[in-house]
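According to our numbering, the sequence shown is numbered sequentially starting from -6. No residue lacks a Cβ here, since even glycine has one placed at the ideal position from N, Cα and C. Since this is a predicted model, take the numbers as computed values, not measurements.
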Amino acid sequence: MTPLPYPAGFGRALLRLPVLLYRLGLGGLLGGLPLMILGTRGRKSGLPRYTPVEYRQHGSKYYIVSAWGRRPQWFQNLLASPEVSVQCGTRRFAARASVVEDSGEAARALYLFRKRAPLVYDALLALLSGTPSVNQHTLPDISDAFTIVRLDRQPADTLPVAPLEADLAWVARTGLLAIVVAFSVALFVRLRRP
-6 MTPLPYPAGF
4 GRALLRLPVL
14 LYRLGLGGLL
24 GGLPLMILGT
34 RGRKSGLPRY
44 TPVEYRQHGS
54 KYYIVSAWGR
64 RPQWFQNLLA
74 SPEVSVQCGT
84 RRFAARASVV
94 EDSGEAARAL
104 YLFRKRAPLV
114 YDALLALLSG
124 TPSVNQHTLP
134 DISDAFTIVR
144 LDRQPADTLP
154 VAPLEADLAW
164 VARTGLLAIV
174 VAFSVALFVR
184 LRRP
């Protein structure tokens, strides 16, 4: 597997954008997208860490594929402490993370990702696995090249990692208020002109 280079600069900011949306109180806007905020506990600091990841759901199981293999900090954190919190849109729940070791389950997880956008995922999976081409029939052959995590939903009264709070919601409200005021003033000025 050829891991993608870690994103930097604008690419990193773009990948972190869902975290900012949740902090602005706009996380519900992501409810229709297959993006979750994965809450892990830092393996060294013990502090909550939040990472936006793409997922696919199959029944009560959620699957995540790491484009960077086992290198990401979120992956290392969940290996050290597999009890995680998940935020999908407005839903929050506890889950237990485990690495998918079974090649059949890994192929099914890759199929779930590919099913949503076959052309995009065929190209991406081929690039990451180092094979010339990928289709639904070759997924079992390349499944061992990927780091796949399964999240099993857990019944819990409290989340193992505090959810990402909307601590910047005031910014979104203030911005919206400023837009409404500016629009109202512009409309008033326009209507006052002879």
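(request) Select from Leu157, Arg36 and Gly168 the residue whose C-alpha is nearest the C-alpha of Asn70. (result) Arg36
(message) Let's test the definition: count the other Cβ atoms within 10 Å of the Cβ of Leu23 and tell me whether it reaches 16, buried, or not, exposed.
(response) buried
(message) Quick check on the burial criterion: 16 or more other C-beta atoms within 10 angstroms. Buried or exposed for Pro11?
(response) buried
(request) Confirm, please, whether the CB-CB distance from Ser122 to Ala138 is below 8 Å. (result) yes
(request) For Gln80, count neighbouring Cβ atoms within 10 angstroms of its own Cβ and tell me buried if that reaches 16, exposed if not. (result) buried
(request) Use the C-beta contact count for Phe181: other C-beta atoms within 10 angstroms, 16 or more gives buried, fewer gives exposed. (result) exposed
(message) For chain B, check one thing: does any of its Cβ atoms lie closer than 8 Å to the Cβ of Ala162?
(response) This model lacks chain B altogether; it includes just one protein chain.
(request) In angstroms with no decimal places, state the Cα-to-Cα distance between Gly25 and Arg185. (result) 43 Å
(message) Quick check: the Cα distance between Phe106 and Val113, rounded to an integer number of angstroms?
(response) 10 Å
(message) If I measure Cβ to Cβ from Arg146 and keep anything under 6 Å in the same chain, skipping five residues before and after, which residues do I get?
(response) Ser53, Phe86 and Ala88
(message) Below 8 Å, how does it come out for the region 54 to 70 and the region 0 to 10: are there three or more Cβ pairs, yes or no?
(response) no
(message) If the criterion is Cβ atoms closer than 8 Å, does the pair Arg34 and Ser74 meet it?
(response) yes
(request) Give me the Cβ distance between Gly18 and Ala171, rounded to the nearest whole Å; I'm assuming they're in contact under 8 Å. (result) Their Cβ separation, rounded to whole angstroms, is 16 Å, which puts Gly18 and Ala171 out of contact at 8 Å.
(request) Might you give, ordered along the chain, the residues of its own chain that have their beta carbon closer than 7 Å to the beta carbon of Ser96, omitting 5 neighbours on each side? (result) Pro133, Ser136 and Asp137
(request) Return helix, strand or coil for Ala175, following the three-state DSSP convention. (result) helix
(message) Tell me which residue opens and which closes the alpha helix (DSSP H) that Pro111 is part of.
(response) Pro111 to Ser122
(message) Mapping the DSSP letters down to three states, classify Leu28 as helix, strand or coil.
(response) strand
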